Ligand code: GDP
Ligand code: IMO
Ligand code: MG
């Protein structure tokens, strides 16, 4: 089913983020009328390469590189207005003028959220997730405390003043209680954010109504997830997660579009895994093995430049992604990076003491003790451009077997194979 006839398609991460969601979203976005982000913020970093040009996106959906689709930032996204304005200008400098709409209900990241993020990470120590320090947990915290500031508020000076007084006092008190000095100037924040509001005003509207009408008119909507299943605040390796729900079902609360008509849910899965930040990582590689894979895969963070931890594919994790997202299919990426490895271990279950488990445990102490059980599969050689043209059956037998093994283990079809970062380096099965 094409994206056009699918009407509502959701693309999510099936691991720890950085699976290649940006590439896969861009691959399909040309067929969509709307491309929508529904959660997370500029903790996300999506790299898209088109005609040899590299674009690094954080808040604006990866459909922005086409003329046609409208890019939407839903209410479930947390927006740092300075970062958004920077991204709009970055794209304009590259000759891309974003056709962008931002929800009037999206919460706004404030400078005190970033200070609070730093204080929290320090306080949480071993239990921290190693945040991107973009203010994500504190802004979602304020949303739940119900003194958050939304994009609509920075267009309304009186309400903004009223809310800022409460939120500023609350955050400053906690930051200082943790022993951090804070030199933030409330009046400067007030003025700066009203200026951001003036810049962003033409983009801000009730996007839920637009999306509802678009859907009724038979237009197609593509949702682009951020992060991945193990970072989901409910289903992930809590507390080493982010602070939003990454699962596909969250499109409804994060954009106001009902899940009733979703046809396709694509889980993007890297052929190995990477992790930026702190948590146990059962299949993690160490030392030179890690360095080889990290350098070959270019595994350095798009957002922070941090070296990503790397490991073998973990099907316990992907199994959970299939179940909790209701994946209709998987897009398997970065198969080219595994070329040349003689043996490719794939984790199909964990050993915890003398128990074998096939699902991610809720218990952090069990997860810390989880040891991967591997099936060793045969590797493959170089993947050549003619294989992309000829399709799946032209791929090395060992790679075809690798794909089938994953499908059997997680009970989900792999319909999209990505063999390079560029839009055309993709096989549809
Ligand atoms: P996202 O956060 O899920 O969008 O992923 P990122 O963009 O942060 O990281 C994925 C990286 O892998 C980017 O640099 C992509 O350009 C690159 N990439 C995506 N798919 C492929 C692929 O199939 N092969 C290779 N070699 N690189 C890929
Ligand atoms: P994309 O969309 C990889 C990780 C951070 C940290 C944890 C919490 O590019 O896949 P936060 O700043 O959200 O409070 O950090 O989540 N993290 C990501 N890791 N890719 C991302 O996004 C991530 N967004 C957050 O490293 O461990
Ligand atoms: Mg990323």
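Residue numbers (the working numbering): 1226 to 1654.
All C-beta atoms in this analysis are idealised placements derived from N, C-alpha and C, irrespective of residue type, glycine included.
Being a predicted model, the structure only gives us computed values, none of them experimental.
| Item | Value |
| --- | --- |
| Which residue comes first and which comes last in the beta strand (DSSP E) that contains residue 1238? | 1233-1238 |
| When the Cβ atoms of the stretch 1557-1568 are set against those of the stretch 1643-1652, are three or more pairs found closer than 8 Å? | yes |
| Is the beta carbon of residue 1537 within less than 7 Å of some heavy atom of the ligand IMO? | no |
| Comparing the CB of residue 1301 with every heavy atom of the ligand MG, is any distance shorter than 7 Å? | no |
| Using a Cβ-based criterion (distance less than 7 Å to any ligand heavy atom), does residue 1242 qualify as near the ligand MG? | yes |
| According to DSSP, simplified to helix, strand and coil, what is residue 1429? | strand |
| What span of residues does the beta strand (DSSP E) with residue 1464 cover, start to end? | Per DSSP, residue 1464 belongs to no beta strand (DSSP E) and is neither H nor E. |
| Within its chain, find whatever has a CB closer than 6 Å to the CB of residue 1671; leave out the 5 residues flanking it on each side and keep chain order. | What the structure shows of the chain is the stretch from 1226 to 1654, and residue 1671 is not part of that stretch, so it cannot be assessed. |
| Report whether the distance from the Cβ of residue 1467 to the nearest heavy atom of the ligand IMO is below 7 Å. | yes |
| Note down the Cα distance separating residue 1444 from residue 1234, rounded to an integer number of angstroms. | 12 Å |
| State yes or no: is the C-beta of residue 1250 nearer than 7 Å to some heavy atom of the ligand MG? | no |
| Is the stretch 1444-1453 touching the stretch 1408-1419 in the sense that three or more CB pairs, one from each, lie closer than 8 Å? | no |
| Select from 1462, 1592, 1498, 1461 the residue whose C-alpha is nearest the C-alpha of residue 1719. | With the chain running from 1226 to 1654 in the structure shown, residue 1719 is simply not present. |
| Any chance the CB of residue 1269 is under 7 Å from a heavy atom of the ligand MG? | yes |
| Rounded to whole angstroms, how far is the Cβ of residue 1552 from the Cβ of residue 1492, which I believe are closer than 8 Å? | 4 Å |
| Helix, strand or coil: which one does DSSP assign to residue 1503? | coil |
| What is the rounded straight-line gap between the Cα of residue 1581 and the Cα of residue 1293? | 50 Å |
| If we cut at 8 Å on Cβ distances, does residue 1631 have a partner in chain D? | In summary, chain D is missing from the structure at hand, where a single protein chain is found. |
| Which residues in the same chain as residue 1333 place their Cβ atom closer than 8 Å to its Cβ, once the five residues preceding and following it in sequence are excluded? | 1303, 1304, 1305, 1306, 1364, 1373, 1374, 1375, 1376, 1378, 1379, 1418 |
| Do you know whose CA, among 1540, 1542, 1519, 1539, lies nearest residue 1531's CA? | 1519 |
| Residue 1357 bridges to which residues according to DSSP? | None; residue 1357 has no bridge partner. |
| Take every Cβ of the stretch 1320-1334, pair it with every Cβ of the stretch 1245-1253, and state whether three or more of those distances are shorter than 8 Å. | no |
| Any idea what DSSP makes of residue 1291, helix, strand or coil? | coil |
| Below 7 Å, is the gap between the Cβ of residue 1246 and the nearest heavy atom of the ligand IMO? | yes |
| So is the beta-carbon of residue 1606 under 7 Å away from any non-hydrogen atom of the ligand GDP? | no |
| In terms of residue numbering, what span does the beta strand (DSSP E) encompassing residue 1269 cover? | Careful: residue 1269 lies outside any beta strand (DSSP E) and carries neither H nor E. |
| Would you call the CB atoms of residue 1389 and residue 1340 closer than 8 Å? | no |
| Kindly list the residues whose CB is nearer than 6 Å to the CB of residue 1310, restricted to its own chain and excluding five residues on each side of it in sequence; keep chain order. | 1424 |
| Quick one: complete alpha helix (DSSP H) runs, 4+ long, within the stretch 1304-1347? | 1306-1318 |
| Which whole-angstrom value is the C-beta distance of residue 1506 and residue 1536, which I expect to be below 8 Å? | 6 Å |
| Could you check if residue 1370 is buried or exposed, using at least 16 other CB atoms within 10 Å of its CB as the buried criterion? | exposed |
| Would you mind sorting residue 1465 into buried or exposed? The rule is 16 or more other CB atoms within 10 Å of its CB. | buried |
| Measuring only the C-alpha atoms, how far is residue 1639 from residue 1494? | 10 Å |
| Taking the alpha helix (DSSP H) that residue 1609 belongs to, which residues open and close that run? | Element bounds for residue 1609: n/a, residue is neither H nor E. |
| For residue 1513, which option in 1534, 1433, 1453, 1503 has the closest C-alpha, if you only look at C-alpha atoms? | 1534 |
| Give me whichever residues DSSP pairs with residue 1534 in a beta bridge. | 1500 |
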